[in-house]
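Numbering (the numbering used here), first residue to last: 51 to 398.
Idealized CB from N, CA, C, for every residue including glycine.
Computed from a predicted structure; not experimentally measured.
And the structure:
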C-alpha cells in the first residue's frame, strides 16, 4: 500500500459529489478540495484474501489502471495537474475488518474510499465514512440498504439487486414464452451473504409479479458448502424449469458441474451478477458455460467515445476482457477525477 498522506485541510463536499457524478457516471461525484495538492489519495477497502479475494484483486488491478490512465491524461488539471494516487487495504472478506480498514484509510488522509465488494462489509464500513464526512463509493455492491439510509457521503453507480432480478426473470419468461412451452417452475439458489439473501428476496418479488411458480428458495453457507449435488437433485426431482441465484465464482462453477453430472438441464439457468458475469466462470467451464444467462450493466462493445481504447488497454494490461466488475471500479475513479476537476474553486 502507498504511504501517501494528504494534508488535513483536504475536504470534500457533497454538492460536488452530486455534480461530478452526473458527468462521469450519470449519478454521483465528489466533493471539493480546499486547495491544489500534488497527490489525491483514494483508498480501496476491498478483500484481497478470503472468499471474495478474486473480485477484490480484480478491483484493485482496475483501480490502479484507471488512476494510471487519468494521470497520463494530465491528472486533475484544475488543481495544477494533481495526481490521483490509489492504495489498498484488505478487508479479508470480513465486515469487522472492513470497518477498521476504513478507519485506517481516513487516518491516512483518504480523500475518498472505494469499497467493499461485499454488501455486508459495505453496509457497516460506510457508516464510518459517513460519520467522518469522507465520500464512500461502492462499485459493485447491489444491496439497496447501502444507499437507502439517507446518508450524505455514500454513493453507488450501479443498479440494485431488484433491477437485475427483474431483468433476469423477465428475460427467462419471454424466452420460454416464445418457445411455446409451459416452463414456469422456479428454483432459487444463492449464497448466505447479505447480497445472496437480498437477491433471493428480489427474485421472489419479481417472480410473483411475473406469475412464475416458486418451487424452491435455497440458501447455502459459503464457507462450508463444497458439494451442491443435494441442491441440484432437489431441483431436478421437483421439475424446476428455471434455476437462478447469486453465487461466487467457485460456487457457480460447482453448481454448473453438479447439474451436468446429474443430468439436470433446466430450460433456463442464470445468475444475478456474481459467477455468471465473470470471464473466469466462462473460461473455466468452456462449452458448459454456453446458454447460461447473467445480468450486466456494461458491455465492452458500447458505442462510447474512447471506450475501445480503454478495453484494449485492459486486455493488454491484465489479459482479460473488460467486464462490469472492471468497468464499475474504473468508473468510480473517473467519477472522483471528474468531481475534483469541478471543485477547483469550491471551498471545503
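Thinking C-alpha only, which one of the options is nearest residue i?
i	options	result
residue 346	105, 375 and 335	375
residue 290	264, 304 and 275	264
residue 342	267, 359, 328 and 281	328
residue 384	108, 187 and 373	187
residue 208	243, 280, 279 and 348	348
residue 344	238, 368 and 326	326
residue 160	358, 172, 128 and 92	92
residue 280	272, 273 and 268	268
residue 140	230, 377, 337 and 100	100
residue 282	274, 306 and 300	306
residue 180	199, 204, 336 and 388	204
residue 229	318, 247 and 206	318
residue 237	288, 274 and 275	288
What number of angstroms, rounded off, separates the C-alpha of residue i from the C-alpha of residue j?
i	j	result
residue 321	residue 298	10 Å
residue 195	residue 253	16 Å
residue 90	residue 339	42 Å
residue 201	residue 316	42 Å
residue 258	residue 118	46 Å
residue 386	residue 162	8 Å
residue 371	residue 189	18 Å
residue 78	residue 233	Confidence at residue 78 is low in this model, with a pLDDT of 32, below 50, so the placement of that residue should be treated as unreliable; the coordinate-derived value is given next. Near 41 Å, if we compare the C-alpha coordinates of residue 233 and residue 78.
residue 324	residue 249	11 Å
residue 223	residue 239	18 Å
residue 184	residue 164	11 Å
residue 74	residue 380	Its pLDDT being 41, under 50, residue 74 is placed unreliably by the model, and the measurement read from it follows with that caveat. So the two alpha carbons sit approximately 10 Å from each other.
residue 132	residue 352	30 Å
residue 82	residue 88	Note that residue 82 has pLDDT 37, beneath the 50 cutoff, so the model's placement of it is unreliable and the number below is only indicative. Answer to the nearest angstrom: the Cα atoms are 15 Å apart.
residue 390	residue 197	22 Å
residue 360	residue 107	19 Å
residue 377	residue 300	22 Å
residue 356	residue 382	17 Å
residue 166	residue 358	28 Å
residue 125	residue 247	40 Å
residue 276	residue 105	19 Å
residue 191	residue 172	8 Å
residue 393	residue 199	26 Å
residue 128	residue 213	37 Å
residue 302	residue 373	17 Å
residue 354	residue 388	17 Å
Over what stretch of residues does the alpha helix (DSSP H) that includes residue i continue unbroken?
i	result
residue 259	244-260
residue 366	357-368
residue 305	299-311
residue 115	103-122
residue 384	374-392
residue 150	145-157
residue 180	169-181
residue 331	329-335
Where do the ends of the beta strand (DSSP E) carrying residue i lie?
i	result
residue 281	Premise fails: residue 281 lies in the alpha helix (DSSP H), 279-287, not in any beta strand (DSSP E).
residue 240	235-241
residue 162	162-165
residue 187	186-188
residue 137	133-140
residue 267	263-270
residue 292	292-294
residue 93	89-96
residue 342	342-344
residue 318	318-321
Taking 8 Å as the cut-off, decide whether the C-beta atoms of residue i and residue j are in contact.
i	j	result
residue 102	residue 135	no
residue 95	residue 151	yes
residue 149	residue 175	yes
residue 178	residue 153	yes
residue 294	residue 226	no
residue 262	residue 220	no
residue 363	residue 115	yes
residue 211	residue 193	yes
residue 170	residue 109	no
residue 235	residue 292	yes
residue 270	residue 311	no
residue 278	residue 255	no
residue 245	residue 296	yes
residue 331	residue 286	no
residue 182	residue 156	yes
residue 111	residue 368	yes
residue 266	residue 251	no
key: Whole runs of the beta strand (DSSP E) within the region 190-225, excluding any shorter than 3 residues   = 204-206
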